[in-house]
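Taking numbering that gives the first Met the number 0 as reference, the numbering of the sequence shown is continuous, increasing by one, and the terminal residue is 228. Using N, Cα and C, we set each Cβ at its ideal position, and we do this for glycine too. All of these numbers come straight from a predicted model, not from anything done at the bench. Below: the structure, in C-alpha cells.
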Amino acid sequence: MSKPIIALDFPSKTEVEQFLAHYEEPLFLKVGMELYFQEGPELVRYIKSLGHSVFLDLKLHDIPNTVESAMRGLAKLGVDLVNVHAAGGLEMMKAAKRGLAGSETKLIAVTQLTSTSEEQMHSDQLIPVSLEESVLHYAKMAKQAGLDGVVCSVLEAEAIGVECGEDFLRVTPGIRPANVSADDQKRVATPEQARQKGSTHIVVGRAITKSEDPAESYKQIKNEWSDAE
Ligand code: C5P
Numbered sequence: 000m001s002k003p004i005i006a007l008d009f010p011s012k013t014e015v016e017q018f019l020a021h022y023e024e025p026l027f028l029k030v031g032m033e034l035y036f037q038e039g040p041e042l043v044r045y046i047k048s049l050g051h052s053v054f055l056d057l058k059l060h061d062i063p064n065t066v067e068s069a070m071r072g073l074a075k076l077g078v079d080l081v082n083v084h085a086a087g088g089l090e091m092m093k094a095a096k097r098g099l100a101g102s103e104t105k106l107i108a109v110t111q112l113t114s115t116s117e118e119q120m121h122s123d124q125l126i127p128v129s130l131e132e133s134v135l136h137y138a139k140m141a142k143q144a145g146l147d148g149v150v151c152s153v154l155e156a157e158a159i160g161v162e163c164g165e166d167f168l169r170v171t172p173g174i175r176p177a178n179v180s181a182d183d184q185k186r187v188a189t190p191e192q193a194r195q196k197g198s199t200h201i202v203v204g205r206a207i208t209k210s211e212d213p214a215e216s217y218k219q220i221k222n223e224w225s226d227a228e
C-alpha cells in the first residue's frame, strides 16, 4: 500500500528543508504550484536526490499541443506522478500521455477539485448533473485516454473503482483525521474512510504540515491508513 502523500504546500525551499528534517524515512511528497512556481525544477531534483518519490501537482490545462510539450519536459525530471485537469478534454489528456511516452512517470487527471461543492459546480461551471456523475464522467474519459488514474474525493473513489477497474489509481486529497479542521475543503474524509472506500493513495497537507508535531501526525495518519484494511 502506498505511503500517504504529503502536500509540500510551502513558499520556498527553506521551509521544505525545515519540514523534511522531521523525517528519516523515504517519503512520497507532493510539489504543487505554490512551491514549483518559486523554486522550479531544481527543487524537484533536490527532493528526488534525497530518495523521496514526487507527485508533481501542476494540474496542466491548455491546448493539447502545449500540454504535450510541457509533459515532455516534466518527464525528464523523473517524477513519479503528474496530473492534468480532465476538463481539458479527451484530446488534451491523450496528448499529455504522448508527452510522457518512454518515461516511468504516471499520469492522472483531476476530476472535480475537493474544494468544489455540488452547488458551486452547478453555479460556476453550469454542469447540471450531480457531482458524482461529473466525476465519474471525467474518470471514464481519463481511462479512455489511457491515463493511470484520477484525483477525486473519497466519496467517489469506490464508484470509480467499479467503473474503471481496481488498478485505476484513485488519489484522494481532502483527508482529515477526525479531530482536525476541514479548512477550505468541502468533501473530506478520514484516512480510514479513504481506505475503506477504495482510495489507492491519500494526499495530506495541512493536517501534517501545520501540525505541532509533524512526525507524529504523519505516523498516526500512516497507521490509520494502512491499519484500516
Ligand atoms: O492541506 P490539504 O490536506 O487540504 O491539502 C490538499 C492538497 O491537495 C493541496 O495541495 C491541494 O492543492 C491538493 N488538491 C486538492 N484537491 C484536488 C487536487 C489537489 O485538494 N482535487
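| request: Using DSSP bridges, identify the partner residues of Arg71. | output: Bridge partners of Arg71: none, in fact.
| Taking 7 Å as the cut-off, does the CB of Ser48 come closer than this to any heavy atom belonging to the ligand C5P? | no
| For the ligand ATP, is there a heavy atom less than 7 Å away from the beta-carbon of Pro172? | Ligands displayed in this structure: the ligand C5P; the ligand ATP is not among them.
| Taking only runs of the beta strand (DSSP E) that begin and end inside the region 149-178, which ones reach a length of at least 3 residues, in chain order? | 168-171
| field | C-alpha distance - Ala206 paired with Cys151, whole-angstrom precision | value | 18 Å
| In angstroms, rounded to a whole number, what distance separates the CA positions of Gln111 and Glu16? | 31 Å
| field | Whole alpha helix (DSSP H) elements within the region 6-38, 4-residue minimum | value | 12-19
| message | Helix, strand or coil for Leu59? Go by DSSP, reduced to three states. | response | strand
| query | Hey, is Leu89 close to the ligand C5P, as in C-beta under 7 Å from one of its heavy atoms? | reply | no
| message | Suppose only complete runs of 3+ residues qualify. What are the beta strand (DSSP E) ranges in the region 85-133, listed by chain order? | response | 105-109
| message | Given this structure, state the Cα-to-Cα distance separating Gly145 from Ala94, to the nearest angstrom. | response | 10 Å
| Range covered by the alpha helix (DSSP H) that runs through Asp212 | Asp212 -> no alpha helix (DSSP H), and no H or E assigned at all.
| request: State the DSSP-derived secondary structure class of Val83, mapped to helix, strand or coil. | output: strand
| message | So, with DSSP's three-state summary, where would you put Ser225? | response | helix
| query | So His200 is in the beta strand (DSSP E); what residue range does that whole segment cover? | reply | 200-203
| Where Ala141 sits in the DSSP three-state scheme | helix
| task | Determine the DSSP secondary structure at Val43, reduced to helix, strand or coil. | result | helix
| field | Alpha-carbon to alpha-carbon, Asn64 and Glu228 | value | Here Glu228 scores only 44 on pLDDT, less than 50, and its place in the model should not be relied on; the value that follows carries that caveat. Approximately 42 Å, taken between the alpha carbons.
| field | Nearest-angstrom Cα separation, counted from Arg97 out to Thr208 | value | 34 Å
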